Amino acid sequence: MPLQAYLVLAALVFAIGLFGVLTRRNAVGILLGIELMLNAVNINLVSFARFRADVGGLVFTMFTIAITVAEVAVGLAIIIAIFRARRTIEADHLDLLRG
Amino acid sequence: MTAEVVGFWLVGAVLVVGSLGVVLSRNLFHAAVLYLPIALVATGAIFWLLESPFLFGVQLLLYAGGVVTIVVFAIMLTERLVGASIRQSSRFVFNGAVLAAAVFVGVTGFVVQRAVPSAPPPPAGEQMVLLGRALVGPFGVALQLLAVLLVVALLGALYFARTED
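Protein chains in written order, with the numbering used here: chain A, 18 to 116; chain B, -6 to 158.
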């Protein structure tokens, strides 16, 4: 398959994840959408690494995977803390910082 | 049709269906336990098609193993699993679909116009050897910073999730 096929597939997954981030009400659902978007980025990195025979793309993929896992851990801890304080994780109700 | 072409369309279809399930499923638990692992494993299979079996293993261990487990625990702690409260509704569906479609069309239009190599070059050597050398060579400092980041993230997660007493 040409490089474009992988890039278009990654763009499609990215768009689906973006749709999830924009439309989900639940904070955990929003986090799942972000996961999809980061996965699409990883597909891009690995395909460029393969088609340019450059190992840097694989290294960056490992880094993004590790950073994503850390981000999920912190994000879910924040969600649990918010749930303890507010008894809801509906994103529409979390408007404390709204001016 | 070579095996790679068949595999690409098969895995791509599974990946898109799994991703759509994650964002469209009415039941958040199904999205996290069923569709998210499907999408993540399909992404790992794409890595395999791109001749990176090591990243396929990393993807399985960290995403399909770790992330899904944490997400399931978070859902169990914040939702009442019995009853109707786990049903999810979405908002701004039309606006979100328009914006996501615009992003997809924009990126695809940009990608398709560019002239890129259509056939991958032969690999420069054993992938694991190259990856290991790169991790301790030019990317050594970044790897150490990543270790620091993981420790800080773990401490931060513990701090946020702690109880007051």
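Just so you know, even glycine gets a beta-carbon here, dropped at the ideal spot from N, CA and C. Computed from a predicted model, the values in this text were never measured in an experiment.
- Taking a 10 Å sphere around the C-beta of glycine 130 of chain B, we find fewer than 16 other C-beta atoms and assign the residue as exposed.
- In this structure, DSSP gives arginine 42 of chain A a state outside helix and strand, which the three-state scheme calls coil.
- The way I'd put it, the stretch 24 to 33 of chain B doesn't touch the stretch 63 to 83 of chain A; fewer than three beta-carbon pairs between them come closer than 8 Å.
- Linking valine 45 of chain A to phenylalanine 103 of chain B through their CA atoms gives a straight-line distance of about 32 Å.
- Listed along chain A, no residue sits closer than 9 Å to glutamine 137 of chain B by beta-carbon distance, the nearest being about 12 Å off.
- With a beta-carbon spacing of about 6 Å, phenylalanine 97 of chain B and leucine 29 of chain A fall inside the 8 Å limit used to define contacts.
- Nearest to arginine 155 of chain B by alpha-carbon distance, out of A/Phe36, A/Ala94, A/Ile82, A/Met79, is A/Ala94.
- The shortest CA-to-CA distance from alanine 90 of chain B to any of A/Ala32, A/Leu111, A/Ala22 is the one to A/Ala32.
- Annotation: Cβ neighbours of isoleucine 96 of chain A in chain B (cutoff 7 Å, chain order): Ala67, Thr71.
- The beta-carbon of leucine 55 of chain B is placed less than 7 Å from the nearest beta-carbon of chain A.
- The C-beta of leucine 111 of chain A comes no closer than 7 Å to any C-beta of chain B.
- Contact between the stretch -4 to 11 of chain B and the stretch 73 to 87 of chain A is absent, with fewer than three C-beta pairs closer than 8 Å.
- The Cβ atoms of asparagine 59 of chain A and threonine 78 of chain A sit closer than 7 Å to each other.
- Rounded to whole angstroms, serine 18 of chain B and valine 26 of chain B show a C-alpha spacing of 11 Å.
- Below the 8 Å Cβ cutoff, chain A contributes Ala87, Glu88, Ala90, Val91 as neighbours of alanine 146 of chain B, in chain order.
- For leucine 62 of chain A, the closest Cβ of chain B is not nearer than 7 Å.
- The beta-bridge partner set that DSSP reports for glutamate 107 of chain A consists of A/Asn43.
- According to the DSSP assignment, phenylalanine 103 of chain B belongs to the alpha helix (DSSP H) that extends over 86 to 106.
- Non-local beta-carbon contacts of glycine 37 of chain A in its own chain, meaning distances under 6 Å to residues more than five positions away in sequence, involve Gly50 in chain order.
- Asparagine 88 of chain B is classed as exposed because its beta carbon has fewer than 16 other beta carbons within 10 Å across all chains shown.
- Counting along the chain, methionine 69 of chain B sits inside the alpha helix (DSSP H) bounded by residues 61 to 71.
- If the five residues before and after glutamate 157 of chain B are omitted, its C-beta is found closer than 8 Å to no C-beta atom of its own chain.
- Between alanine 94 of chain B and the set A/Arg101, A/Gly34, A/Ile47, the nearest pair of CA atoms involves A/Gly34.
- Excluding five sequence positions before and after isoleucine 96 of chain A, the CB atoms of its chain that fall closer than 7 Å to its own CB belong to Ala44, Val45, Ile106, given in chain order.
- Comparing alpha-carbon positions, the option among B/Arg84, B/Glu72, B/Val144, B/Ala146 lying closest to arginine 104 of chain A turns out to be B/Glu72.
- CA-to-CA, the gap between glycine 73 of chain A and histidine 110 of chain A works out to about 42 Å.
- DSSP places glutamate 88 of chain A within a helical segment (H, G or I) once states are collapsed to three.
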